[in-house]
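Novice: I have a structure I would like to understand better, so I am pasting it below and will then ask my questions one at a time.
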RNA sequence: GGAGGAGUGUCCGAGUGGUUUAAGGAGGCGGUCUUGAAAACCGUUGUACCGCAAGGUACCGGGGGUUCGAAUCCCUCCUCCUCCGCCA
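Residue numbers (our numbering): 110 to 532.
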């Protein structure tokens with residue numbers, strides 16, 4: 110959510126930000142409503158002031174046994190006006206909030222202006238895509254081949270975009286989760302969190318998924334619960350409506366969760382394999398920082414996520430998303446893209462965003478800069494550290510052998526207990 | 001799911017319609033005293049919104065209502081505790 114004062118006082122900056130994104134928002138309606146609200150607020154507060162004064166006088170008169178019926182009668186009439194104004198103001202505030210909640214964040218100045226993913230900027234590459242002396246298979250061919258993935262039974266049990274992982278496949282998922290959590294908690298200083306997978310509306314509004322992206326979410330039919338699309342939601346909302354100590358910052362959390370996405374609008378895309386599933390595992394990194402430190406923490410967050418790929422020996426590149434490709438809440442976002450031989454290209458495996466105070470304002474997450482100082486909004490950041498399902502796909506494709514077996518990356522051997530996966 | 005109890009400021013805690021602009025205590029901050037510290041004493045200590053300012057308005061779990069006036073009365077929702085039932 111943008112600062113209402115920024116919209117009011119620096120409309121041009123907001124307009125420029127929106128146009129860089131290609132977003133169309135009703136800013137003029139907003140300003141008109143805002144002005145109307147202030148006008149009515151002024152009037153009603155004056156009336157209330159009078160009412161408060163007169164009511165005290167009534168109390169005083171009654172305490173002295175005197176008649177106050179004249180004053181009471183007078184206030185009865187004003188009461189109606191107060192009630193009307195109050196409800197009008199509530200109405201306007203609802204509308205203002207409604208608009209404010211669907212305005213995306215303003216991109217940071219370092220973000221390249223562009224309309225879609227073709228204008229993203231490649232920042233750096235790591236590792237050399239392997240040259241195969243045989244025709245590499247797709248990850249699902251490899252997985253099905255060695256009996257660790259079962260799509261047919263998953264379709265029977267649940268439907269399309271699900272997979273049953275079996276034996277060392279299941280163990281590989283678990284090993285990767287543990288490997289990533291160990292890395293981030295032991296070497297990068299994150300505190301491990303295991304949050305709820307079902308959250309309420311307020312949490313999803315806090316991080317920006319609601320009200321605009323309801324169709325991407327799975328909603329429970331009984332109770333006001335949604336399945337989390339990412340651990341970002343429950344973990345960021347841990348500190349909703351809180352005032353944090355400056356000394357605590359930055360707060361760094363790492364969380365494993367399953368993630369659930371409806372993939373509305375992705376029909377026909379990535380239907381093969383486990384690249385795009387309704388349910389997938391992810392280790393997520395979340396930070397709460399002081400505003401002046403968030404961009405430096407953002408770079409470090411990207412490094413922390415990159416370390417996972419480096420240790421696994423998976424070639425990847427870092428991409429800075431352009432204004433038109435950024436998520437709704439982000440001010441700046443880097444994607445990590447891993448090399449997938451069967452696609453003959455890099456595919457997103459991690460997304461690391463700085464939201465500045467956009468989420469903090471929605472979720473009311475503040476900190477006190479010093480003793481007695483006024484609370485200010487923190488900056489929130491998060492990034493995949495990293496998506497487990499896509500990592501499985503990347504390992505199966507990059508580490509496959511001609512006989513259909515898969516070499517286990519060295520970093521994972523202590524977790525899996527074997528050096529090679531085969532049928 | 002059923003029955004009962006409870007939610008007050010950073011914390012504890014008083015307060016069932018009118019000087020409550022929320023008592024009192026603890027903690028924090030500032031000061032006096034002291035070589036220093038402790039103790040004692042004095043002062044101070046929430047958030048948001050409107051306003052150039054003076055100032056005003058709102059907030060006692062959330063929302064709505066009654067009333068000239070609500071922490072206090074009514075409705076509704078949420079959370080926590082106790083007991084019962086069910087349950088991994």
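Glycine residues also receive a C-beta, built at the ideal position from the N, C-alpha and C atoms. Given the structure is predicted, the values throughout are model-derived calculations rather than measurements.
For residue 224, tell me which candidate among 131, 274, 214 and 190 has the shortest Cα-Cα distance.
Specialist: 131
Novice: Could you pull out every residue in the same chain whose Cβ sits closer than 8 Å to the Cβ of residue 233, ignoring the five residues on either side in sequence?
Specialist: The beta carbon of residue 233 lies closer than 8 Å to those of 426 and 427 in the same chain, with the five residues before and after it left out.
Novice: Along the beta strand (DSSP E) that carries residue 396, what are the first and last residues, could you check?
Specialist: 388-398
Novice: Using DSSP's beta-bridge definition, name the partner residues of residue 234.
Specialist: 426
Novice: Measure from the alpha carbon of residue 511 to the alpha carbon of each residue in 245, 144, 388 and 239, then state which is nearest.
Specialist: 245
Novice: Could you pull out every unbroken beta strand (DSSP E) segment of at least 3 residues lying fully inside the segment 315-398, listed in chain order?
Specialist: 351-354, 360-369 and 388-398
Novice: Could you check where the beta strand (DSSP E) with residue 496 kicks off and where it finishes?
Specialist: 488-496
Novice: When DSSP labels each residue in this structure, what does residue 111 get in the three-state scheme?
Specialist: coil
Novice: As a quick exercise: from 527, 500 and 437, pick the residue whose alpha carbon is nearest that of residue 212.
Specialist: 437
Novice: Please work out which residues of its chain come closer than 6 Å, Cβ to Cβ, to residue 159, disregarding the five sequence neighbours upstream and downstream, and give them in chain order.
Specialist: none
Novice: Taking 8 Å as the cut-off, decide whether the C-beta atoms of residue 340 and residue 356 are in contact.
Specialist: Not a contact, by the Cβ cut-off of 8 Å.
Novice: For residue 449, count neighbouring Cβ atoms within 10 angstroms of its own Cβ and tell me buried if that reaches 16, exposed if not.
Specialist: buried
Novice: Give the straight-line distance between the Cα atoms of residue 128 and residue 208, rounded to the nearest whole angstrom.
Specialist: Annotation: residue 128 to residue 208 spans about 17 Å, alpha carbon to alpha carbon.
Novice: Round the Cβ separation of residue 492 and residue 461 to the nearest angstrom and send it over; I've been treating them as touching at under 8 Å.
Specialist: Contact flag correct, Cβ pair sits at about 3 Å.
Novice: Can you tell me which of 230, 367 and 488 puts its alpha carbon nearest to the alpha carbon of residue 406?
Specialist: That would be 488, whose Cα lies nearest to the Cα of residue 406.
Novice: Ignoring anything shorter than 4 residues, give me the alpha helix (DSSP H) runs that lie fully in the segment 157-191, in order along the chain.
Specialist: none
Novice: Can you tell me the Cα-Cα spacing of residue 373 and residue 358, whole angstroms?
Specialist: 37 Å
Novice: Can residue 403 and residue 463 be called in contact, C-beta distance under 8 Å?
Specialist: yes
Novice: Check each candidate in 470, 155, 204 and 420 and name the one with the smallest Cα separation from residue 190.
Specialist: Nearest of 470, 155, 204 and 420 to residue 190, Cα basis: 155.
Novice: Kindly indicate which three-state DSSP category residue 515 falls into: helix, strand or coil?
Specialist: strand
Novice: Is residue 375 closer than 8 Å to residue 521 when the C-beta atoms are compared?
Specialist: no
Novice: Name the DSSP bridge partner or partners of residue 258?
Specialist: 274
Novice: Determine the DSSP secondary structure at residue 458, reduced to helix, strand or coil.
Specialist: DSSP places residue 458 in strand when its eight states are reduced to three.
Novice: DSSP three-state call for residue 286: helix, strand or coil?
Specialist: helix
Novice: Considering only the alpha carbon of each residue, which of 431, 443, 134 and 243 lies closest to residue 494?
Specialist: Measuring from the Cα of residue 494, the nearest candidate turns out to be 443.
Novice: Please confirm whether residue 385 and residue 378 have their CB atoms less than 8 Å apart.
Specialist: Using a Cβ distance threshold of 8 Å, residue 385 and residue 378 count as a contacting pair.
Novice: Specify whether the segment 347-354 and the segment 260-275 touch according to this definition: at least 3 beta carbon pairs, one from each stretch, less than 8 Å apart.
Specialist: no
Novice: Return the first residue and the last residue of the alpha helix (DSSP H) that residue 525 is part of.
Specialist: Per DSSP, residue 525 belongs to the alpha helix (DSSP H) from 522-525.
Novice: Can you tell me whether residue 444 is helix, strand or coil according to DSSP?
Specialist: strand
Novice: Compute the minimum distance between the beta carbon of residue 415 and the heavy atoms of the ligand SAH, and state whether it is under 7 Å.
Specialist: Ligands are entirely absent from the displayed structure, and the ligand SAH is therefore not among its contents.
Novice: Would you decide whether residue 526 is buried or exposed? Buried here means 16 or more other CB atoms lie within 10 Å of its CB.
Specialist: exposed
Novice: Can you find the residues in the same chain that come closer than 6 Å, C-beta to C-beta, to residue 111, ignoring five residues on each side of it along the sequence?
Specialist: 212
Novice: Between residue 558 and residue 362, which are expected to be in contact by the criterion C-beta below 8 Å, what is the C-beta distance as a whole number of angstroms?
Specialist: Since the displayed the chain opens at 110 and closes at 532, residue 558 lies outside it and no answer follows.
Novice: Hey, residue 248 and residue 505: beta-carbon distance below 8 Å or not?
Specialist: Cβ distance < 8 Å, so residue 248 and residue 505 count as in contact.
Novice: Per DSSP, what kind of secondary structure is residue 528 in: helix, strand or coil?
Specialist: Under the three-state reduction of DSSP, residue 528 is assigned to coil, being neither helix nor strand.
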